[in-house]
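Quick note on UniProt numbering: the sequence shown kicks off at 1 and runs consecutively.
Glycine included, C-beta positions come from ideal geometry on N, C-alpha and C.
In what follows, a single structure is set out as structure tokens and then discussed.
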Amino acid sequence: MRPEQRAPFARYRHSLWLLTQRDLRVRYSTSVLGYFWSILDPLVMAGIYWFVFTQVFQRTVGNEPYIVFLLSALLPWMWFNGAISDCTRAFLREAKLIRSTRIPRTIWVNRLVLSKGIEFIAAIPVLIIFAVFSGAEITIDAVFFPLAILIQAVLTAGVGLIVAPLVVFFRDLERAVKLILRFLFYASPIIYGTSDLPEELHFWAAFNPLSGIFSLYRAAFFPGELDWFVVAVSAVMSVAFLGIGLLVFSRTERAVLKEI
């Protein structure tokens, strides 16, 4: 079947997959290590934090084995951080191609979410290997892993749809997003768990949508980290971000095309 004969959703899905494949090929075509670059950065970061909090300072947060505790949140964080960072240049980098094609412009954000998500999924075996060798048990709560991926994809797409068009009009927003992401890294339960926070902050921590997502990932190895209230808030906020993102995108799309 020719592309123009397919249903709109099928054409969108086909174009999204082609652009995602292009991104992945371009990213690794000239790289010697290829796939390993997608896991090297989080592994180095996890190694640094593991060394600092287990060998230098007396650690009072997280669970054992700490390296698995770190990676189970650090790997999804790299997906979120990488996708949002790339979304700040989604329209500026592909300006000529965006103007010359008629495919829905949301695809230029969603292909970044998908390509970074594929890198995350490709890194999951590394997490499992560390879990096996460090003695961490994989629990029945691992069945919630796909739910965590779904909620995170919705959240990342929503935030990306807000950021991508606004950066076109406010170029300083690109640097502001980097600062916000840096702050969000320490404000999110990555090197610590939500349960490690003071009791009076537990309620407010739920309104960081990443908190519930990370608790779902960690539940595969640490069932005590699963908090369904935090997960429910994360899911609702993720859907809200997606709705706001679609609204912002639809209101600014024409102006973005004129600006680029």
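Cβ neighbour criterion (16 or more within 10 Å) applied to residue i
i: S100; result: exposed
i: E64; result: exposed
i: K258; result: exposed
i: S234; result: buried
i: Q55; result: exposed
i: G135; result: exposed
i: P146; result: exposed
i: I129; result: exposed
i: D227; result: buried
i: G245; result: buried
Top-ranked residue by Cα proximity to residue i, from the options
i: Y66; options: Y217, P198, L226 and A131; result: A131
i: L179; options: S85, F229 and R93; result: S85
i: G82; options: D41, I48 and I107; result: D41
i: L181; options: G245, F169, S195 and N208; result: N208
i: A73; options: R89, Y186 and D23; result: Y186
i: R27; options: V143, I118, V230 and T88; result: I118
i: R218; options: W79, L114 and D141; result: D141
i: A153; options: R102, R171, S250 and L112; result: L112
i: D23; options: I48, F203 and W108; result: W108
i: Y12; options: R102, L150 and A232; result: R102
i: R254; options: T106, R93 and L114; result: T106
i: L43; options: L19, R171, L75 and Q21; result: L75
i: F203; options: A232, A10 and P104; result: A232
Contact check, residue i vs residue j, beta carbons under 8 angstroms
i: F241; j: V159; result: yes
i: A46; j: L16; result: no
i: A95; j: I260; result: yes
i: I138; j: V248; result: no
i: S238; j: L155; result: yes
i: N110; j: A176; result: no
i: E225; j: S215; result: yes
i: T88; j: E174; result: yes
i: V168; j: V256; result: yes
i: V230; j: A206; result: yes
i: W77; j: K116; result: no
i: I39; j: V126; result: yes
i: G62; j: G193; result: yes
i: S188; j: L210; result: yes
i: F91; j: P165; result: yes
Endpoints, the alpha helix (DSSP H) within which residue i is located
i: E199; result: Premise fails: E199 is in no alpha helix (DSSP H) and is neither H nor E.
i: D86; result: Y66 to C87
i: N208; result: Neither: N208 is in no alpha helix (DSSP H) and is coded neither H nor E.
i: G158; result: F145 to F169
i: L92; result: A90 to R93
Per-residue DSSP class, three states only, for residue i
i: I191; result: coil
i: N63; result: coil
i: E137; result: coil
i: P104; result: coil
i: I260; result: coil
i: A7; result: coil
i: L226; result: coil
i: D23; result: helix
i: A235; result: helix
i: F185; result: helix
i: F249; result: helix
i: A131; result: helix
i: A123; result: helix
i: F221; result: coil
i: D172; result: coil
8 angstroms Cβ cutoff, residue i in contact with chain D
i: N81; result: The structure shown contains no chain D; it holds only a single protein chain.
Heavy atom of the ligand GDP within 7 angstroms of residue i beta-carbon
i: V236; result: The ligand content of the structure shown is nil, which means the ligand GDP is not present either.
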